[in-house]
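**Q** Count along the sequence shown from 1, then add 113; that gives the number in the numbering used here. Using N, Cα and C, we set each Cβ at its ideal position, and we do this for glycine too. Got a structure here, written out as structure tokens. Questions coming.
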Amino acid sequence: MTLKKELKSEIVNLSTIKEYFSEDTSFLIELITAYLSDTIPRIEIIEKSLTEVDYIELKNVSHFLKSSFGLMGIKCLEEIIELENLAKIEAPKKIIHEKLNFIIPICRESIVEYECILKKIKNEFYYKNQ
Numbered sequence: 114m115t116l117k118k119e120l121k122s123e124i125v126n127l128s129t130i131k132e133y134f135s136e137d138t139s140f141l142i143e144l145i146t147a148y149l150s151d152t153i154p155r156i157e158i159i160e161k162s163l164t165e166v167d168y169i170e171l172k173n174v175s176h177f178l179k180s181s182f183g184l185m186g187i188k189c190l191e192e193i194i195e196l197e198n199l200a201k202i203e204a205p206k207k208i209i210h211e212k213l214n215f216i217i218p219i220c221r222e223s224i225v226e227y228e229c230i231l232k233k234i235k236n237e238f239y240y241k242n243q
């Protein structure tokens with residue numbers, strides 16, 4: 114049983130991390146841990162924009178999330194790019210809110226999914242091989 118074959122998700126696209134990091138379980142654990150610790154507070158910032166839009170902060174957070182969402186296979190990368198562009202031009206709040214209402218549930222779902230994946234990697238692959 115290999116990590117590359119066993120690691121599956123319907124929520125996130127794991128092809129990139131499986132391709133590049135499945136042979137190094139400890140690095141994969143570090144990568145997912147860093148993703149979670151960096152992303153969770155930024156998603157909270159995005160959620161605050163549902164009540165009060167801070168265009169500068171929204172643009173900065175969206176910009177940061179682009180690279181990590183691409184690497185981690187989060188299925189709203191295009192929408193994050195659009196959100197960054199909307200924040201740059203200070204689009205009407207209604208448009209920002211529509212985009213946020215699409216993005217936030219996907220982000221939250223991906224966080225839960227990666228928490229489960231991390232637990233699985235630690236329990237089934239990492240600790241058994243130590």
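Answer yes or no: does any C-beta atom of chain B fall closer than 8 Å to that of residue 223?
**A** In the displayed structure, chain B is absent; only one protein chain is listed.
**Q** Less than 8 Å between C-beta atoms, sequence neighbours within five positions excluded: which residues of the same chain meet that for residue 156?
**A** Residue numbering aside, residue 156 sits at position 43 when the sequence shown is read from its first letter. Closer than 8 Å at Cβ, skipping near neighbours: 217, 220, 221, 224.
**Q** Looking only at C-alpha atoms, which of 147, 168, 181, 136 sits nearest to residue 125?
**A** Residue mapping note: residue 125 aligns to position 12 of the sequence shown, counting from 1. The shortest C-alpha separation from residue 125 is found at 181.
**Q** Give the DSSP-derived three-state secondary structure of residue 126 in the structure shown.
**A** Here the question's residue 126 lines up with position 13 in the sequence shown. If DSSP states are grouped into helix, strand and coil, residue 126 belongs with coil.
**Q** Measuring alpha carbon to alpha carbon, tell me which residue in 121, 231, 173, 235 is nearest residue 148.
**A** Walking along the sequence shown from the start, residue 148 turns up at place 35. For residue 148, the nearest C-alpha among the options comes from 231.
**Q** Find the nearest neighbour of residue 65 within the set 234, 138, 168, judged by alpha-carbon distance.
**A** The requested residue 65 is not part of the displayed model; the chain covers only 114 to 243.
**Q** Throw me the rounded Cβ distance for the residue 153 and residue 235 pair, which I believe falls under 8 Å.
**A** Counting from 1 along the sequence shown, the entry for residue 153 is found at position 40. Counting from 1 along the sequence shown, the entry for residue 235 is found at position 122. Wrong, their Cβ atoms sit about 18 Å apart, outside the cutoff.
**Q** Assuming residue 175 and residue 193 form a contact by the criterion Cβ under 8 Å, report the distance between their Cβ atoms to the nearest whole angstrom.
**A** Indexing the sequence shown from 1 puts residue 175 at position 62. Indexing the sequence shown from 1 puts residue 193 at position 80. About 5 Å; that satisfies the 8 Å criterion.
**Q** Excluding the 5 residues preceding and the 5 following residue 129 in the sequence, name in chain order all residues of the same chain whose CB lies nearer than 7 Å to its CB.
**A** Indexing the sequence shown from 1 puts residue 129 at position 16. Contacts found: 184, 186.
**Q** For a quick check, are the C-beta atoms of residue 213 and residue 145 less than 8 Å apart?
**A** As a position in the sequence shown, residue 213 is number 100, starting the count at 1. As a position in the sequence shown, residue 145 is number 32, starting the count at 1. No, the Cβ-Cβ distance between residue 213 and residue 145 is not below 8 Å.
**Q** Going by C-alpha to C-alpha distance, which of 229, 196, 226 sits closest to residue 215?
**A** Within the sequence shown, residue 215 is the residue found at index 102, counting from 1. For the residues 229, 196, 226, the minimum Cα distance to residue 215 belongs to 196.
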